[in-house]
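Working notes, beginning with the structure itself.
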Amino acid sequence: MQTVDLRCVTIIAEAVLERRLIDDVRECGAKGYTITAARGEGSRGRRTSDWEVQNIEIRTIVSPAVADAILERLATNYFHHFAIIAYVQTVGVVRGEKYI
Amino acid sequence: MQTVDLRCVTIIAEAVLERRLIDDVRECGAKGYTITAARGEGSRGRRTSDWEVQNIEIRTIVSPAVADAILERLATNYFHHFAIIAYVQTVGVVRGEKYI
Amino acid sequence: MQTVDLRCVTIIAEAVLERRLIDDVRECGAKGYTITAARGEGSRGRRTSDWEVQNIEIRTIVSPAVADAILERLATNYFHHFAIIAYVQTVGVVRGEKYI
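Chains as they are written, first to last, in this note's numbering: chain Y, 1 to 100; chain W, 1 to 100; chain V, 1 to 100.
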């Protein structure tokens, strides 16, 4: 089965940021996204104040260029102020042309 | 720790398709699956009618051959009529022999 | 955008094991984790007694060494007694230094 190598970008953040993050992801060129509810715990910065809050996980399948634009946007707008996790994976996508 | 390289197939679809999709995944040779609830928004074909509906995400760890069979089955039975996302990742699995 | 290649370890297990698994993941060196609710069905060992139970999915972004420690811990403490799925993926992480 023919697949196209694209990028899956995963963003885990506080649920209150959902609308803003979706707007950002779309503005960077994503054609769609999937959201699941999540809980998490981690360390925010050097003070290591632990948190376990209601999070959302946003995933979007995009081209490498759009993945890069999303990560840049996150770095500029969120990383200094919010506990956001963002990572990228290569995925083989069926009907990949729908996502680019 | 010894791991075996297998495939993780992820299918995101409308919740109403759950039973059918699980039957298909099993018939193609998957030994098990995991389901999480998801929401999504995307474009369905060229008319770009946006949707945000209750989706499910089905994931299954399988051999490359079974992954291919699942994707073929999805392409034949669903892609013309349903807004389904399907993608494949390589994963290192502990106790990989249980999945093949 | 600069990313660091790290490991995403995914553990799928019965919800009742959540506290124990989180303690294990942390003791192995993980700085944080994300949990989502999941349902699943699979075969437990050779008897193929099917189950569909309330599961949790724990994910954590860690260094290769910590990923290995987690998998070893799971193999030692859980694999003989519990239906646990564990797999590892390579992910490109923004601000990767926070996770190691």
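Using N, Cα and C, we set each Cβ at its ideal position, and we do this for glycine too.
For clarity, every value in this text was computed on a predicted model and none was experimentally measured.
Residues in the region 57-69 of chain Y having any Cβ partner in chain W nearer than 8 angstroms: I61
Rounded C-alpha distance that separates T32 (chain W) from D23 (chain Y): Note on residue identity: the sequence assigns Gly, not Thr, to residue 32 (chain W). When rounded, the distance between both Cα atoms is 36 angstroms.
Closest residue to L17 (chain V) among V:I56, V:R26, V:C8 (Cα-Cα distance): V:I56
R95 (chain W) at chain V interface by Cβ criterion, 8 angstroms: yes
Exposure label - Q89 (chain W); buried when at least 16 CB within 10 Å: buried
Neighbourhood of L21 (chain V) by C-beta distance below 7 angstroms, restricted to the same chain and skipping five residues each side: I11, A13, I58
Segment contact, 8 angstroms Cβ cut-off, at least three pairs: the region 81-95 of chain W with the region 78-94 of chain V: yes
Given G42 (chain Y) as reference, the closest of V:V25, V:G40, V:A37 once Cα atoms are compared: V:V25
Nonlocal neighbours in the same chain, by C-beta distance under 8 angstroms from A101 (chain Y), ignoring five residues either side: Nothing about residue 101 (chain Y) can be read from this structure; chain Y reaches only from 1 to 100.
8 angstroms Cβ cutoff, I35 (chain Y) in contact with chain W: yes
Ordered list of beta strand (DSSP E) runs contained in the region 19-87 of chain Y, each at least 3 residues: 33-44, 49-62
Outcome for A67 (chain V) when other beta-carbon atoms lying within 10 angstroms are tallied against a minimum of 16: buried
Partner residues on chain Y for E41 (chain W), Cβ-Cβ distance less than 8 angstroms: I22, G32, Y33
Neighbour flag for G92 (chain V) against chain W, beta carbons, 8 angstroms: no
Residues near R73 (chain V) in its chain [Cβ-Cβ closer than 7 angstroms; skip 5 each side]: D24, C28
Test item: CB-CB of I35 (chain V) and R19 (chain Y) under 8 angstroms: no
Candidates W:D5, W:M1, W:V9, W:A15: closest to A83 (chain W) by CA position: W:A15
Rounded straight-line distance, which links the Cα of Q2 (chain W) to that of I61 (chain Y): 30 angstroms
Sequence-distant residues of its chain with Cβ nearer than 7 angstroms to S49 (chain V) (five each side left out): Its pLDDT being 43, under 50, S49 (chain V) is placed unreliably in this model, and the value from its coordinates should be taken loosely. So the list is empty, once near-sequence residues are dropped.
Chain W residues whose Cβ lies nearer than 9 angstroms to that of C8 (chain Y): T10, Y87, Q89
Close Cβ partners of R7 (chain V) (< 8 angstroms) along its chain, the five nearest in sequence each way excluded: I61, V62, S63, P64, V66, A67, V88, Q89, T90, V91
Minimum Cβ-Cβ distance from F82 (chain Y) to chain V less than 8 angstroms: no
Distance between beta carbons of V9 (chain Y) and A86 (chain Y), contact taken as under 8 angstroms: 7 angstroms
Beta strand (DSSP E) segment containing E14 (chain W), residue limits: 4-14
Listed by chain order, chain W residues near T76 (chain Y) by CB distance under 7 angstroms: In chain order: nothing, as chain W lies at least about 24 angstroms away.
Proximal residues to I100 (chain V) (C-beta, below 6 angstroms), its chain only, five neighbours per side dropped: S63
Rounded C-alpha distance that separates L71 (chain Y) from Q54 (chain W): 27 angstroms
Partner residues on chain W for A38 (chain V), Cβ-Cβ distance less than 7 angstroms: T34, I35, T36
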